[in-house]
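Structure first, then comments.
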């Protein structure tokens, strides 16, 4: 993935330039298609992700099952749609928590307050950024999972609400929380550098001279002026989170069965024997994930291009 | 300005390293100890009696205070003792980890060679084709490959090269022995799949940087002079452009090295390669405390050192970096 560069400036033609790029548009269309299918899965998926039909396993394509069925007779097309929903939930939550809450918040604080706060926040980011993230995600999710599940069992007992654990919610929360732990750094760096540049600008000085509070300046003057850069970091974060969820679920520490994930679909169908017998079972999810990740990569690249003044 | 500042920059970054490693080790240690599951049960087996378990716990000092255990671990590290593996029946972690590190190192080296062998020509070629459709095509293909994680690349390669074409084994790790003790996998067919799976996605970064550098150098006066004096285009590229364009590529070596551990976990589990990545995966699930620590610390060290090398190289190349007080990892 390309890092968003500092000092990127949007000019009036930025979005028009982006729309003129066919590859970027196609990427955007693919992302919207997959995310749309995920969002609408409860309504448009022909079957449930857990509907097992042991009399009809490994079926080829038919009208009833356009992409065939897997080893438990579950409809592959429906499972793809529900897996897309998992991707939507995990990546969007990671974006909100990691990118918008942590990333933007810490970036604004670091850039605006400067000094010691800035130092602590950015050094923490450096540490997180300089670590092998998959390995740490592996350790965190593997060690913390049982506790999170226990916690939600307790919550169910106290509140009398049933079905929280059954719904798989703890897994989703665990995965996106772990991802946001690492996901905020890119966003924070971009926001911080932009705030540093704007902090001494005339309109911020004018606002301060008029007696505006820090909060007011951050919310009304700084945030609107960094939002375009946040789009770049957000695209990057969505792609990274979507990819990481697939990897975690593949390793068996992400979203747990029966809840569907591209990662566990690939895991179930991987291995020479399975692939030789039923290649469609692995290539269906792999094709969807592959196009999604490529689309994110191309879109991020195009965004970087149109926003970076040097390459125009 | 100049030398002194550069050294103080390097010194500042160096002082930072032990702090990072200490933090990481403390967090990992805590995650291991406070996480669920009990490595002693893994070690002692299903039917161990409580007395045996208690004895092992005492031997390993697992009942001591957390900080006592941590301090003991740190003291061990300085003596070159990484602890004892629970998963591999009391073998010292170093003996478990080193042979596996050697395996991972070999196919990473092969992949690194592929990355540069593919990325540099592709980048130079794309630069010379700037303005035509070939430049965006080749760069697009490489960028698309770079977006794919090992989870997707490995099955695809297995399917094409092993199952359909039958050229390569689907996985595993075969070695040839030299001097009776040195096991080398470089000459075996089993190294090809991991090399491709790591190398193909990795080439994009090198190609992109090479392309940008080549374009920049192509615009320089001395290139125009070389052309003006009648030097052939090929000679201009080899003699004047490449030599100047490739210097910043050194920095990419660092990043390539650092990707080692993260990529190897998936790759080795899928291909059944007995390297450090598959051990990392096993260690987490067997609660092999000392093994986890060793792997994380090695990974973190590799990352931190790689970042350091990259930043220092940048500081050499671009003096402006030194002026900013904040090191960007």
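Residue numbers (the numbering used here), protein chains in the order written: chain W, 1151 to 1462; chain R, 617 to 945.
Yeah, the Cβ is synthetic: ideal placement off N, Cα and C, and Gly gets one too.
For residue i and residue j, which I take to be in contact (beta-carbon distance under 8 angstroms), what is that distance rounded to the nearest angstrom?
| i | j | result |
| --- | --- | --- |
| residue 1217/W | residue 1211/W | 6 angstroms |
| residue 809/R | residue 746/R | With a Cβ gap of about 34 angstroms, residue 809/R and residue 746/R do not count as contacting. |
| residue 801/R | residue 789/R | 6 angstroms |
| residue 947/R | residue 684/R | This structure cannot speak to residue 947/R, because chain R is shown only from 617 to 945. |
| residue 883/R | residue 766/R | 5 angstroms |
| residue 1348/W | residue 1372/W | 6 angstroms |
| residue 1404/W | residue 1395/W | 6 angstroms |
| residue 1451/W | residue 759/R | 6 angstroms |
| residue 792/R | residue 804/R | 7 angstroms |
Could you check the C-alpha separation between residue i and residue j for me, to the nearest Å?
| i | j | result |
| --- | --- | --- |
| residue 713/R | residue 907/R | 8 angstroms |
| residue 943/R | residue 1356/W | Residue placement at residue 943/R cannot be trusted, given a pLDDT of 40 that sits under 50; what the coordinates show is reported in the next sentence. The alpha-carbon atoms of residue 943/R and residue 1356/W are separated by roughly 31 angstroms. |
| residue 941/R | residue 624/R | The pLDDT assigned to residue 941/R is 44, lower than 50, so where the model puts this residue is not dependable; a value taken from the coordinates is nonetheless given after this. Roughly 11 angstroms separates the two Cα atoms. |
| residue 1401/W | residue 923/R | 27 angstroms |
| residue 786/R | residue 888/R | 9 angstroms |
| residue 698/R | residue 692/R | 6 angstroms |
| residue 730/R | residue 811/R | 7 angstroms |
| residue 1197/W | residue 628/R | 59 angstroms |
| residue 817/R | residue 1445/W | 15 angstroms |
| residue 1188/W | residue 1236/W | 7 angstroms |
| residue 630/R | residue 620/R | 15 angstroms |
| residue 1287/W | residue 897/R | 11 angstroms |
| residue 1465/W | residue 1295/W | Here chain W comprises residues numbered 1151 to 1462, so residue 1465/W is not present and cannot be evaluated. |
| residue 1220/W | residue 886/R | 20 angstroms |
| residue 827/R | residue 1225/W | 46 angstroms |
| residue 728/R | residue 815/R | 6 angstroms |
| residue 820/R | residue 834/R | 21 angstroms |
| residue 1317/W | residue 1323/W | 12 angstroms |
| residue 1258/W | residue 1351/W | 15 angstroms |
| residue 1370/W | residue 1343/W | 18 angstroms |
| residue 865/R | residue 926/R | 10 angstroms |
| residue 633/R | residue 1338/W | 22 angstroms |
| residue 1415/W | residue 1435/W | 7 angstroms |
| residue 665/R | residue 671/R | 10 angstroms |
| residue 1313/W | residue 900/R | 29 angstroms |
| residue 1335/W | residue 1273/W | 10 angstroms |
| residue 829/R | residue 840/R | 16 angstroms |
| residue 1439/W | residue 1388/W | 13 angstroms |
| residue 879/R | residue 1285/W | 9 angstroms |
| residue 1178/W | residue 1449/W | 7 angstroms |
| residue 775/R | residue 1442/W | 21 angstroms |
| residue 1222/W | residue 1175/W | 38 angstroms |
| residue 1354/W | residue 1366/W | 10 angstroms |
| residue 744/R | residue 752/R | 12 angstroms |
| residue 836/R | residue 842/R | 10 angstroms |
| residue 635/R | residue 718/R | 27 angstroms |
| residue 928/R | residue 706/R | 41 angstroms |
| residue 1456/W | residue 1261/W | 25 angstroms |
| residue 1255/W | residue 1293/W | 28 angstroms |
Which partner residues of residue i appear in the DSSP bridge assignment?
| i | result |
| --- | --- |
| residue 700/R | 708/R |
| residue 798/R | 794/R |
| residue 1225/W | 1219/W |
Does the CB of residue i have a neighbour CB from chain B at under 7 angstroms?
| i | result |
| --- | --- |
| residue 763/R | Structure shown: chain B not included; protein chains present are W and R. |
Requested in this report: Would you check if the region 735-755 of chain R and the region 1381-1401 of chain W touch, i.e. whether three or more CB-CB distances between them fall below 8 angstroms?
Outcome: no
Query raised in the report: For the region 1196-1212 of chain W, which residues have a CB atom closer than 7 angstroms to at least one CB atom of chain R, in sequence order?
Result: Against chain R - using a Cβ distance shorter than 7 angstroms - the region 1196-1212 of chain W contributes no residues.
Query raised in the report: Counting Cβ pairs closer than 8 angstroms, one from the region 1234-1251 of chain W and one from the region 1314-1332 of chain W, do we hit at least three?
Result: Yes, the region 1234-1251 of chain W touches the region 1314-1332 of chain W.
Requested in this report: Decide yes or no for the touch test of the region 1359-1377 of chain W against the region 1298-1317 of chain W: beta carbon pairs closer than 8 angstroms, at least 3 of them.
Outcome: no
Query - Interface residues of the region 1415-1443 of chain W facing chain R [CB-CB below 7 angstroms] - result: 1416, 1420, 1422, 1425, 1426, 1429, 1432, 1436, 1439, 1440 and 1443
**Report entry** the region 878-895 of chain R: positions lying closer than 9 angstroms to chain W by Cβ
**Finding:** 878, 879, 881, 882, 885, 886 and 893
Requested in this report: Would you be able to state if there are at least three C-beta pairs under 8 angstroms between the region 885-902 of chain R and the region 910-922 of chain R?
Outcome: Yes, since at least three Cβ pairs between the region 910-922 of chain R and the region 885-902 of chain R fall closer than 8 angstroms, the two stretches touch.
Query raised in the report: For the region 1423-1431 of chain W against the region 1268-1286 of chain W, are there 3 or more C-beta pairs whose distance is under 8 angstroms?
Result: no
Requested in this report: Indicate whether the contact test is met: 3 or more Cβ pairs, each with one atom in the region 1186-1197 of chain W and one in the region 1232-1244 of chain W, closer than 8 angstroms.
Outcome: yes
**Report entry** Members of the region 1278-1295 of chain W near chain R, C-beta cut-off 8 angstroms
**Finding:** 1279, 1280, 1281, 1282, 1283, 1284, 1285, 1286, 1288, 1289, 1290, 1292, 1293 and 1294
**Report entry** Cβ-based contacts, 9 angstroms cut-off: residues of the region 801-816 of chain R near chain W
**Finding:** Of all residues in the region 801-816 of chain R, none has a Cβ within less than 9 angstroms of some Cβ in chain W.
Report task. Quick one: which residues of the region 1230-1251 of chain W get their C-beta closer than 7 angstroms to a C-beta of chain R? List them in chain order. Result -> Along the region 1230-1251 of chain W, none of the residues has a CB nearer than 7 angstroms to a CB of chain R.
Query - Residues of the region 1381-1401 of chain W whose Cβ lies closer than 9 angstroms to any Cβ of chain R, in chain order - result: Hits within the stretch, in order: 1389, 1393, 1394, 1396, 1397, 1400 and 1401.
Query raised in the report: Is it true that the region 849-858 of chain R meets the region 709-723 of chain R, where meeting means three or more beta-carbon pairs spaced less than 8 angstroms apart?
Result: no
Requested in this report: Closer than 9 angstroms, Cβ to Cβ, to anything on chain W: give me those residues from the region 619-644 of chain R, in chain order.
Outcome: 632, 635, 636, 639, 640, 643 and 644
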